[in-house]
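Chains A and B, in that order, are what the protein sequence lines are.
First residue of the first sequence? That's 64 in the numbering used here, and the numbers climb one at a time after it.
First residue of the second sequence? That's 6 in the numbering used here, and the numbers climb one at a time after it.
Remarks on the structure that follows.
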Amino acid sequence: GQNIDQPTEMTATEGAIVQINCTYQTSGFNGLFWYQQHAGEAPTFLSYNVLDGLEEKGRFSSFLSRSKGYSYLLLKELQMKDSASYLCAVRDGDYKLSFGAGTTVTVRA
Amino acid sequence: GAVVSQHPSWVICKSGTSVKIECRSLDFQATTMFWYRQFPKQSLMLMATSNEGSKATYEQGVEKDKFLINHASLTLSTLTVTSAHPEDSSFYICSHWAGKNTEAFFGQGTRLTVV
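See below:
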């Protein structure tokens, strides 16, 4: 089966940095995705890692270590609008995605 | 990116009735679409894979006779929750991929409440 773990909740101050960790044990691996989801809305794509290393995209960066089954999402210069749930998802095969339970990030002024 | 339109965004129905949710691919021909369900504060759980012109593939534990999936065209997949019960109340989301090297695109989601 698929096992994807991430913290349930994190709180940070506006302007700060937050790192959301994700560990996975899956039967197959064909890339790791991070999505942002606001309450009652569909997930929106943030980043994709398939090779080891860091991918940077503006204020958001994502890191992957396949040998350790580990990824993190780094959010810099936090803004109030970044308060949301962040989902770690692993692609197993061509198209099947398995999601973690999500990390709720609360940004405080 | 590929656009997925899902309707309705929310629906309230009486216990025992059926509800149909539509998922349209607006700018891409999707031979495969995916249906997820999400309970409050929980992960998205894959329910089934919808295949154009053929039967859907259901995940373990998902009742195919209760959650009817039809994918009659390359741009439309529907999920019908039959004989809905309060425990079926959830957030249902469809998605598809525009290609192997892209991300999954999601519909807006449908909040189903069964009373």
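Where is the CB? At the ideal position from N, CA and C, for every residue including glycine.
- At a cut-off of 8 Å between beta-carbon atoms, Gly66/B makes no contact with chain A.
- A straight line joining the alpha-carbon of Ser55/B with that of Leu114/A spans about 29 Å.
- Taken atom to atom, the span from the alpha-carbon of Met50/B to that of Phe110/B is near 16 Å.
- Secondary structure at Asp70/B: coil, using DSSP grouped into helix, strand and coil.
- If you draw a straight line from the Cα of Phe44/B to the Cα of Ser95/B, it comes to about 5 Å.
- For the pair of segments examined, the region 9–19 of chain B was found not to touch the region 133–146 of chain A: the number of CB pairs separated by less than 8 Å stays below three.
- Gln82/A and Thr74/A have their C-alpha atoms some 11 Å from each other.
- Proximity of the region 14–33 of chain B to the region 136–145 of chain A falls short of the contact definition, fewer than three beta-carbon pairs being nearer than 8 Å.
- Asn93/A has no beta-bridge partner at all, per DSSP.
- If you check the CB distance, Met52/B and Ser82/B do not come in under 8 Å.
- Proximity to Leu150/A across Thr76/A, Ala172/A and Glu104/A peaks at Glu104/A, based on C-alpha coordinates.
- By the criterion of a C-beta distance shorter than 6 Å, Val8/B is surrounded in its chain by Leu31 and Asp32, once the five residues flanking it on both sides are discounted.
- Contacts with chain A at 8 Å (Cβ-Cβ) include Gln113/B.
- Each of Asp145/A, Thr166/A and Val153/A was checked against the Cα of Ala79/A, and the nearest Cα belongs to Asp145/A.
- When CB distances to chain B are screened at a threshold of 7 Å, the residues of the region 104–136 of chain A falling below it are Glu104, Ala105, Pro106, Phe108 and Tyr111, in chain order.
- Counting along the chain, Phe44/B sits inside no beta strand (DSSP E), nor does DSSP assign it H or E at all.
- Take the alpha-carbon of Ile26/B and the one of Val86/B: they are about 8 Å apart.
- In this structure, DSSP gives Glu92/B a helical state, which the three-state scheme calls helix.
- Ranked by Cα distance from Leu73/B, the options Lys60/B, Gln65/B and Arg116/B are led by Lys60/B.
- Excluding residues up to 5 positions away in sequence, Thr36, His76 and Leu79 lie with their Cβ nearer than 6 Å to the Cβ of Glu57/B in the same chain.
- Interface with chain A (8 Å Cβ-Cβ cutoff): Gln34/B is excluded.
- One thing to note: Ser10/B has its Cβ within 8 Å of the Cβ of Gly112/B.
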